[in-house]
Amino acid sequence: MRTTGTRSAAGAILIVLALGLALRLIIAYVLPGSGFANDLASFRGWAHDLFTNGLYGFYARPGFHDYTPGYLYYLWVLGAVSQLLPSLDLVKIPAILSDLAIGWLIWSMVPELGGGRRAALFGAAIYLFVPISWFDSVVWGQVDSVGIVFLLLSIRALWREQPEVSSVLAVIAALIKPQLGIAIFIAGAVLLRRHLIDALADDRRSDQGSADDARTAAPLAARLVDRRGPIRLATSALAGLAAAIGLSLPFGLDLPGLIDQVFKTAGGYPYITVNAYNPWALVERAGSGLAASGQWLCDAVTGTAANTPCPPGSEILVAGQPAVFVAGVLMAVVLGAILLVVMWRPDRQTILVGTAVVAVALFVIPTRVHERYLFPFFAVGAILAAVSTRWRVAYAVLAVANFLNLYVVLTTLYPDNPQISDWLGIGDFVRSQIGVTLVALLHVGGFVWVALQLLPRGARRLSEEIASARTAARRFRTAAGRALPPASSPEPHLRALASGPTVPGAVLAAAAATPGSGSTPAGTTAAATASGPADSWVDEEDDGGCFKSWFGQRIAGSPLRADRSRSLRGELGGRLDRLDVWLLVVLVIASLGLRMWRLAEPYSMHFDEVYHARTATEFLQDWRYGIPHSIYEFTHPHLAKYAMALGIVAWGDDRVGATSDLGVHVDDAAIEDRWDDPTMPDHRAGDRLYVATGDAVRAYDLQTRELLATLPVAGASTVAVDEAGHRLFVGTRGGQVLELDTGSALDTLRIGGDPRLIDAPIPFGTFGAPIARLLVTPDGDFILAITKDAVVSMDASSGEVLGTAALEGAADLAPAGTVEGLVADTTALTDPAKEARTLADLLGGDAATYERRLTTTQGQEQGASRVVVSGSIDSTVRPQIDAAISDGSLAGITIQQIARVAVADTRGVTLISPVDASTTDEVPIAGGATGLALTSNLDAPRLYVAAGHVVTVVKLGTSDDPNANPIAETSIPMPGAVSRVTFDAASVMVHVLGDTPDGSAGTIYVIEPHGQSVYADARLPFRPTAWATDIDTQLPSADREAILAFDSAGTAVSVDVGHHAFAWRLPGVIAGALTSVFLYLLTRILFRRRSIGVLVAA
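So that you can map any letter, position 746 of the sequence shown is 749 in the numbering used here, and since no number is skipped, the others follow by simple counting.
This is how it looks when you write it as structure tokens:
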């Protein structure tokens, strides 16, 4: 039957699991994309490969495959889900969900060991909140927890006398992570004892006529297939073998192939330690070693100097033998001793302690151990720590030691991983020889203590602690009016899961029960022996029953307690106590955790934020800079808008977030946006920063900040990216333009390409004068360059100069939307000469020039037949052009949208057609302009133009009238002088480079374009010579939302520009959490039952 106590216990663990999930989601939000970049890239690449190409042949395909098949099934499913939700990075989800599953398993296994419900809850909380668990799965992005789920399930199946199930689960754990094969050894030892040694002892008793039960009197065949016997041992082995083969065959692996893959994985790092701070880390030779210098030392010879990092003479020898051999023999001896103890006392307590000891031994004794190999202990040990104070101390010591080991490896040894830094500032100390030695000694001390717990004295003390915990739980629940059934007379419909069948082997049973040995009869837990059956909520009649019957009994079953609804009439109010305080803390954390999940997205305003957040920015313009601004939204009280404004001030993060030194001179910088390439790991192509240094172009990976390649280009002064064609153009001081195909050259580095084999950019064309600024139009058709007092246009497919516009003081270029123009399809032309004459008659100009463009391949795009004939159409000749197209006089020629370019110069803004560099419009601005940028996602496209101490807004044509003349719509007074402008399409904010109000430093101002208000700025440590915007509007979860600024000496800073939406939303989230608190308090005052308060507040 179901009890209300069971429901209360289930509710408590659900709260703990929810808090554990909230913690992990918050960390994932704060550190998006964090982890070991190489592993995460492999997981994403494998997931895509498995879903795209299938499981079969995975290991035969090109690439690096060092995982056994178990976890690849998760990645296969992940690849499928990623196709449905391409904008979400789901690579950490299996580990996060596995953490929760481990917490639930710990909670369910503690009562089976003999602990009470509070101990079970405590054990789950220990694991879920110990830094080891969330640091490994959420920060690091590793998958150790996935295999631990099956390890714990295998142990529980052993407890419950399910040998075949235990064998299968142990094999699955090993297939996910080979080091989890410890479960196979433990299961093998227990099953040998139960189903072979004990079975033989039973047979001897039967032969001697000493049997006193029905089982012994049964025929031999019946005894062989009973719950214990050799047949069950064989079926368990066959079940495990079938699982190994069955899970490997879909990948094309037979059993020898699987074994070979395991050995390849183990042999991938032939060193005495691979960043694990164990005794091998202290080994030193000639000043080298992990502790001494951070260097890995070889544990065996793996080849010659020509083909391996471990040639003869490089290996560490112990007593004249390779370290790997000595460590292997020592591990085998220790493992054998542990398994003998487990076989001697195969009860629940010893099985669990034995698994914990093996887990620590596997970290301390062998070579080739990674820093994460201790992870299984923290799941198994949490069960023991839940019921034993001594184990809690050991758990804490090993947790501190291993956390330091994990922390220093990720944050200090590999600091270039995304979103990773030495947050605690302890990396260098832990990495030092003293630090490594201290951590290694803590690990060794922890192992020695844990190993001693297998001795009779340690086993006896643990049994006493379990019994004491059981007794304390019984007293607590009796005092609370929820008394447990007496241990000596359990209710007939309940059975004790903790008590297993006694060992039929007379000799071993007698030895195990010898007084003073500290042992209990095999198969019986110490807790059950000392204090009767452990907590159980499973009906005797359900054992072995089908799920439908089990489910139906629980739905139809009546609670043990009587219906209390009549007694609740006229219920009085409650009284607040410490439990209410704890619940309030839980409510606040849960409310904030759930509401803050991806709170910053979308980065732009949505719904009523265009009224309220906009008004908050208008307040800030006045508060921060003393520049009054009219208030847009005044129909609602301003308190919430004040709170949003204060949120921007408090959490807007308007500052330099990171600083680095490139170590080279910087002239210009440009960013290639990320684009999707199904052939690449994680589909990530592009996503690079290019820096012109005067004698070369450097390419950096924006995700890892790693220098990918240095491309020699003499006189490199400016760079621009063709986003449509995935090409990099480099301008030089001599006026030359060079081209590089970034897809074929640089993207290959992500799949193992050699940067030394990348060709330098090749000559493409020349502008005839030093290039100050370079721009490629969004459609990839044209390249425009600013030279001395001129703007020159070049065909982006042929390198032909198309025209020059003399513009005094030209300082900056920006796309200016599109206008209608004429485009010819050269394959559809009927008579190019005749059509050229028609164009000359309608548009003016030379017919021979038109004919040359229509007939020469130089005017065509690569691999296409499209030729732009005219970059604009005069409205007066539009009817004649339409008529000529209709009657066939202009066959193959159509009207399409053609790119337009805006130039900031001394007259203001000049709009030109890149087809021939002719001027199409002008917008005069007093004092001229120095920088400009095009905006989008507004009611009309606009140019924001930096002009002295103001930013002038130039409105372009709308979708209803795309050819409307541009007009200067308004001017925004700025706190200081401004020079350059860029636009963040994700947040729909304009960022302006300028000086602080006092003129003492550079800064980046932020303008909200709906209200045209300047409301924030990020002060810079220098006045930049170059800047670039790192924005990804297509992948919000991976969008770094940053502006990178550089000075001429190579100092680079990153300014976060994506926190404003989070900042103005956070006050509302906090108010919502406080509302939950007040609702709970009000409900508790009105009602005695806490459950009502929780329901209302939730």
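Here a beta-carbon is modelled for each residue, glycine too, at the ideal position from N, C-alpha and C.
Because the structure is a prediction, the values reported are computed rather than measured.
Self-check item: Residues near residue 299 in its chain [Cβ-Cβ closer than 6 Å; skip 5 each side]
Solution: These residues qualify, in order along the chain: 274.
Exercise. Look up residue 353 in the DSSP assignment and say whether it is helix, strand or coil.
Key: Residue state, collapsed to three classes: helix.
Quiz item: If we count the other Cβ atoms within 10 Å of its Cβ and call it buried at 16 or more, is residue 59 buried or exposed?
Solution: Counting the other Cβ atoms within 10 Å of the Cβ of residue 59 gives fewer than 16, which makes it exposed.
Practice problem: Have a look at residue 591 and residue 777 and give me their C-alpha separation to the nearest angstrom. | Solution: In a straight line, the C-alpha of residue 591 is about 53 Å away from that of residue 777.
Quiz item: Can you list, in chain order, the residues of its chain whose CB lies under 7 Å from that of residue 871, leaving out five sequence neighbours each side?
Solution: Excluding residues up to 5 positions away in sequence, 784, 824, 826, 901, 918 lie with their Cβ nearer than 7 Å to the Cβ of residue 871 in the same chain.
Practice problem: Sort out for me which residues DSSP pairs residue 686 with in a bridge. | Solution: As computed with DSSP, residue 686 is found in no beta bridge at all.
Quiz item: Cα separation between residue 897 and residue 943?
Solution: Whole-angstrom Cα-Cα distance: 26 Å.
Quiz prompt | Local conformation of residue 698 per DSSP, three classes | solution = DSSP places residue 698 in coil when its eight states are reduced to three.
Quiz item: Over what stretch of residues does the alpha helix (DSSP H) that includes residue 1105 continue unbroken?
Solution: This structure cannot speak to residue 1105, because the chain is shown only from 4 to 1101.
Exercise. With a cut-off of 8 Å on the beta carbons, I'd call residue 718 and residue 736 a contact; round off their distance for me.
Key: That belief holds up - the Cβ atoms of residue 718 and residue 736 are roughly 4 Å apart, short of 8 Å.
Quiz item: Ordered along the chain, which non-local residues of its own chain (more than five positions away) have a Cβ less than 6 Å from that of residue 1100?
Solution: So the qualifying residues of the chain are 590, 1079, 1082, 1083.
Quiz item: Under three-state DSSP, which class holds residue 659?
Solution: Here residue 659 sits in strand by DSSP.
Quiz item: Looking only at its own chain, which residues have a Cβ that is under 6 Å from the Cβ of residue 703, when we skip the five neighbours before and after it?
Solution: If we look at residue 703 and ignore the five residues flanking it on each side, its Cβ neighbours are 692, 710.
Exercise. With DSSP collapsed to three states, give me the class of residue 105.
Key: In the three-state reduction of the DSSP assignment, residue 105 falls in the helix class.
Exercise. Since I believe residue 845 is in contact with residue 887 (beta carbons under 8 Å), could you give me their beta-carbon distance rounded to a whole number of angstroms?
Key: The pair is a contact, with the Cβ atoms about 7 Å apart (cut-off 8 Å).
Practice problem: Could you tell me whether the segment 1031 to 1040 touches the segment 673 to 683, where touching means 3 or more Cβ pairs closer than 8 Å? | Solution: By the Cβ test, the segment 1031 to 1040 is in contact with the segment 673 to 683, since at least three Cβ pairs between them sit closer than 8 Å.
Quiz item: With 16 other CB atoms within 10 Å as the buried threshold, where does residue 156 fall?
Solution: It is buried - the Cβ of residue 156 has at least 16 other Cβ atoms within 10 Å.
Exercise. Determine, using beta carbons only, whether residue 831 and residue 895 come nearer to each other than 8 Å.
Key: In contact: residue 831 and residue 895 (Cβ atoms closer than 8 Å).
Quiz prompt | For residue 522, the three-state DSSP class (helix, strand or coil) | solution = Summary for residue 522: the model assigns pLDDT 37, below 50, so the residue's position carries little reliability, and this model does not support an answer.
Quiz item: When the Cα atoms are used, what is the spatial distance from residue 271 to residue 441?
Solution: Rounded to whole angstroms, residue 271 and residue 441 show a C-alpha spacing of 28 Å.
Exercise. On the DSSP bridge assignment, give the partners of residue 993 in chain order.
Key: Note: residue 993 sits in a beta bridge opposite 986, 1010.
Self-check item: Host alpha helix (DSSP H) of residue 125 (start-end)
Solution: Run containing residue 125: 120 to 132, per the alpha helix (DSSP H) assignment.
Exercise. Whole angstroms is fine: what's the gap from residue 55's alpha carbon to residue 40's?
Key: So the alpha carbons of these two residues sit roughly 22 Å apart.
Practice problem: Grab me the residues of residue 728's own chain with a C-beta within less than 6 Å of its C-beta, minus the 5 sequence neighbours each way, in chain order. | Solution: Here residue 728 has 783 as same chain residues with Cβ atoms under 6 Å from its own Cβ, once five neighbours each way along the sequence are excluded.
Quiz item: Okay, do the segment 151 to 167 and the segment 44 to 52 touch, 3+ Cβ pairs below 8 Å being the bar?
Solution: Result no; under three Cβ-Cβ pairs closer than 8 Å.
Self-check item: For residue 1054, the residue or residues it bridges with in DSSP
Solution: Beta-bridge annotation (DSSP): residue 1054 is paired with 664.
Practice problem: Might you give, ordered along the chain, the residues of its own chain that have their beta carbon closer than 6 Å to the beta carbon of residue 321, omitting 5 neighbours on each side? | Solution: Within the same chain, residue 321 has close Cβ partners 329.
Exercise. Could you tell me the boundaries of the alpha helix (DSSP H) in which residue 162 lies?
Key: It spans 147 to 162 - the alpha helix (DSSP H) in which residue 162 sits, taken as one unbroken run.
Quiz item: In chain order, what residues of the same chain lie with their CB nearer than 8 Å to the CB of residue 797, ignoring the 5 residues before and after it?
Solution: A distance below 8 Å between beta-carbons, with the five flanking residues on each side excluded, links residue 797 to the following residues of its chain, in chain order: 740, 768, 770, 785, 786, 787, 788, 803, 804, 805.
Quiz prompt | Residues of its chain near residue 666, where Cβ-Cβ distance is below 8 Å and the 5 sequence neighbours each way are ignored | solution = Closer than 8 Å at the Cβ level, and outside the excluded window around residue 666, lie 1053.
Quiz item: According to the Cβ coordinates, are residue 242 and residue 171 closer than 8 Å?
Solution: Contact: yes.
Exercise. Please determine if the segment 607 to 616 and the segment 641 to 653 are in contact, where contact requires at least 3 C-beta pairs separated by less than 8 Å.
Key: Here the segment 607 to 616 makes contact with the segment 641 to 653; the two share three or more CB pairs at distances below 8 Å.
Practice problem: Determine the direct distance from the alpha carbon of residue 1087 to that of residue 579, and round the result to whole angstroms. | Solution: When rounded, the distance between both Cα atoms is 7 Å.
Exercise. Give me the Cα-Cα distance between residue 96 and residue 128, rounded to the nearest whole angstrom.
Key: If I take the Cα positions, the gap works out to 20 Å.
Quiz item: Can you give the Cα-Cα distance for residue 746 and residue 722, rounded to whole angstroms?
Solution: A direct Cα-Cα distance of roughly 17 Å separates residue 746 from residue 722.
Quiz item: With 16 other CB atoms within 10 Å as the buried threshold, where does residue 267 fall?
Solution: With a 10 Å radius around the Cβ and a threshold of 16 neighbouring Cβ atoms, residue 267 comes out exposed.
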